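> Encoded as structure tokens, here's the structure I'll be asking about.
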Amino acid sequence: MSESSPLQAPGKKERGLLERLSSLLLREPEDREQLLEVLQQAHERNLLDADALSMIEGVMQVSDLAAGDIMVPRAQMDAINAEDSIDEIVAFAVEKAHSRFPVYEGERDNVIGVLLAKDLLRIHANAEVNLRDMLRPAVFIPESKRLNVLLHDFRLNRNHIALVVDEYGGVAGLVTIEDVLEQIVGDIEDEYDFDEEADNIISLGGDQLGRYRVKALTTIDQFNETFGTFYSNEHADTLGGLLTDHLARLPVRGDVVDLPPFRFAVLRADARQVHLLKVERIEEPSDHPVDSLVAAQSLPPDRLS
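Just so you know, the sequence shown maps onto residues 1 to 305 in full-length UniProt numbering.
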């Protein structure tokens, strides 16, 4: 009788599934649905974990998406005005906490370069250093540029940010390497992002301002209990689901939904779900029911603080 091997040989069903998967990977699949079906079966049989399956699906989706699909709209861009004082620029950079900022002169369409936060420290420390001398060249791409091509360019050129231009040459928004990677691996958290372990609802500047940062997974019941509202939805339990149902699609960053007495703005979202919302009080019209006051639009510049 032979000793048992620590690595148990796969059964007939597992071998058959692995053979099908290998066959699909060694040749061009007849269609994407066939490949996804086999991958899903592999996950169901514990041959492929959930994270790996999600990443593979993300990689496949990236080739279908363009820069215009995930860009931060121009109205939401945290851009620096070259005419501002160094103290104003430093305060702005500290508040926004990005590592790179587009810099414009005059109109926001006139982007003259990209400023790295680390270079800003040198400018602040030495009054003789000129802001324009520290700018890196801005990279401009069309809205139609595919994300898989863009990711390759980011890696090849060691660039992390690109300005997206429309068909008329105007700046439509920006996209970062993090935005692209989030389509593959999901939301990427950094030290300035919303803490997963933090409270679901955080006040911005005190309750008197009526502005909050709220996780999209916050339940409708919790939100109602906190703010004394009466939101309800037979198809959703969370705020993210509530917005999805009202928009009849998955919300994207920049979407705004008015549900008096609050306005819900999507701050963070990826191809799979909504993550973070900015919620602020608005005046409730007395002659319209709540459910008829839903509006989706991009945030205007003066509503971004």
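Beta carbons are placed, not taken as given, at the ideal position from N, Cα and C, and that holds for glycine. Owing to the predicted nature of the structure, the values given are computational and were not obtained by experimental measurement.
Helix, strand or coil for L163 per DSSP?
Residue state, collapsed to three classes: strand.
> Per the contact definition of three or more C-beta pairs closer than 8 Å, is the region 34-46 in contact with the region 117-135?
Output reads no: the region 34-46 does not touch the region 117-135.
> Ordered along the chain, which non-local residues of its own chain (more than five positions away) have a Cβ less than 8 Å from that of Y212?
Answer for Y212: I201, I202, S203, L204, K278, V279 and E280, listed in chain order.
> Run through the region 221-279 for me and flag every whole alpha helix (DSSP H) of 4 or more residues, listed as ranges in chain order.
Counting only runs of 4 or more, we get 239-247.
> Which residues bound the beta strand (DSSP E) around L115?
Residues V111 to L116.
> Buried or exposed: G228, going by 16 or more other Cβ atoms within 10 Å of its Cβ?
G228 comes out exposed.
> Would you tell me roughly how many angstroms separate the C-alpha atoms of A236 and T244, rounded to the nearest one?
Their Cα atoms are separated by approximately 9 Å.
> Please classify R132: is it buried, with 16 or more other beta-carbons within 10 angstroms of its beta-carbon, or exposed?
Burial call: exposed.
> Taking 8 Å as the threshold (C-beta atoms), are Y104 and N130 in contact?
Taking 8 Å as the Cβ cut-off, N130 and Y104 do not qualify as a contacting pair.
> Applying the criterion that 16 or more other CB atoms from any shown protein chain within 10 Å of the CB defines a buried residue, is residue 355 buried or exposed?
This structure leaves residue 355 out entirely; the chain is present only between 1 and 305.
> Kindly indicate the opening and closing residues of the beta strand (DSSP E) around V129.
V129 -> no beta strand (DSSP E), and no H or E assigned at all.
> Alpha carbon to alpha carbon, how far is N110 from N233? Give it in angstroms, no decimals.
Roughly 44 Å separates the two Cα atoms.
> Can you tell me where the beta strand (DSSP E) with R108 in it begins and where it stops?
Note, R108: premise wrong, no beta strand (DSSP E); not H, not E.
> Please confirm if the region 259-271 is in contact with the region 163-174, defined as three or more CB-CB distances below 8 Å between the two stretches.
With the cut-off at 8 Å, the region 259-271 and the region 163-174 do not touch.
> How many Å lie between G58 and P261 at the Cα?
Cα to Cα, G58 sits roughly 36 Å from P261.
> In the DSSP assignment, what residue or residues form a beta bridge with Y212?
Y212 is bridged to S203 and V279.
> Considering only DSSP beta bridges, list what R94 is partnered with.
Note on residue identity: the sequence assigns Val, not Arg, to residue 94. In the DSSP output, where bridge partners are listed per residue, V94 has none listed.
> Quick check on the burial criterion: 16 or more other C-beta atoms within 10 angstroms. Buried or exposed for D258?
Label assigned to D258: buried.
> Taking K145 as the reference, give the member of Y231, D64, A93 and E107 with the closest Cα.
Per the Cα distances, D64.
> Per DSSP, which one or two residues make a beta bridge with N81?
Answer is Y104, bridged to N81.
> Which residue's Cα is closest to the Cα of N126: E107, I86 and L135?
The candidate whose alpha carbon is nearest that of N126 is I86.
> Under 8 Å between the Cβ atoms of R113 and R136?
The question names Arg, yet the displayed sequence has Gly at residue 113. In contact: G113 and R136 (Cβ atoms closer than 8 Å).
> Go to A52, then tell me how far its alpha helix (DSSP H) extends in each direction, as first and last residue.
Looking at the DSSP string, the run of the alpha helix (DSSP H) that includes A52 is A50 to V62.
> Look at the Cβ atom of H160, then the Cβ atom of R100, and state whether they are nearer than 8 Å.
Their beta carbons are under 8 Å apart, which means H160 touches R100 by this criterion.
> If you compare alpha carbons, which of L247, Q61 and H275 is closest to K215?
Among L247, Q61 and H275, the Cα nearest to that of K215 is on H275.
> Given this structure, state the Cα-to-Cα distance separating Q222 from V149, to the nearest angstrom.
Near 42 Å, if we compare the C-alpha coordinates of V149 and Q222.
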